[in-house]
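All remarks here apply to the structure that follows.
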Amino acid sequence: MVLLAGDSYAVGLEEPLRDQLRARGRTMHWTGASGLRTEQVIERARWVMAQFPDASVLVVSCGANDASVNGANLTDAVLAAREFQETAPLPVLWLSPPSTARYWASPAVGIGETLPVDLPLPDRQHPNAAGYRSWSEQIVRRLEEING
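Residue 0 is where the sequence shown starts when you use numbering that gives the first Met the number 0, and the numbers rise one by one after that.
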């Protein structure tokens with residue numbers, strides 16, 4: 000079972016990722032909402048992990064809303080993500096927003112594995128439906144490498 004928690008990227012990924020996983024005989028549960036900052040996403044991630052303790056991996060999308068406020072918020076987000084990564088009872092795959100992909104993926108951030116978005120962004124922030132399907136395929140391939 001895969002868990003997905005996050006911001007507007009999770010909202011956009013929910014249907015195509017669920018379809019991709021279902022086609023492979025896997026299930027997914029998710030929690031997300033547009034506009035969430037990292038600390039809020041982590042609260043939801045903890046909640047969904049408690050609801051589904053038999054999950055094998057957690058996919059987390061966050062960071063875009065922290066970056067849009069100011070640099071201090073992004074630093075706080077990274078600290079919260081590191082702490083969460085260290086205590087999470089299952090593997091975590093982080094999805095980084097295009098605006099901060101290099102930052103989140105850098106070894107200096109140290110939050111584990113990130114899968115950046117490298118897709119067309121019509122509104123300069125979010126992929127279109129085809130982009131979310133493509134991103135879902137990338138995520139599923141990586142999840143298969145992590146969990147088989």
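For each residue, glycine too, the CB sits at the ideal point set by N, CA and C.
Quantities reported herein were computed from a predicted structural model and do not represent experimental measurements.
Next on the checklist: Can you tell me whether Thr-37 is buried or exposed? The criterion is at least 16 other CB atoms within 10 Å of its CB, across all chains shown.
Outcome noted: buried
Checklist entry - Given a threshold of 16 other Cβ atoms within 10 Å of its Cβ, counted over all protein chains shown, does Gln-50 qualify as buried or as exposed? => result exposed
Checklist entry - If you draw a straight line from the alpha carbon of Pro-126 to that of Leu-120, how long is it in whole angstroms? => result 5 Å
Checklist entry - On the premise that Leu-92 lies in contact with Val-58, defined as a C-beta separation below 8 Å, what is that separation, rounded to the nearest angstrom? => result 5 Å
Next on the checklist: For a quick check, are the C-beta atoms of Ala-4 and Ala-44 less than 8 Å apart?
Outcome noted: yes
Item to check | Paired residues, beta bridge with Ser-60 - DSSP | outcome: Gly-5 and Leu-94
Checklist entry - Under the rule that 16 or more other beta-carbon atoms within 10 Å means buried, what is Gly-24, buried or exposed? => result Classification for Gly-24: exposed.
Checklist entry - Which value, in whole angstroms, describes the spacing of the CA atoms of Asp-122 and Cys-61? => result 18 Å
Item to check | Span separating the alpha-carbon of Gly-34 from that of Glu-144 | outcome: 30 Å
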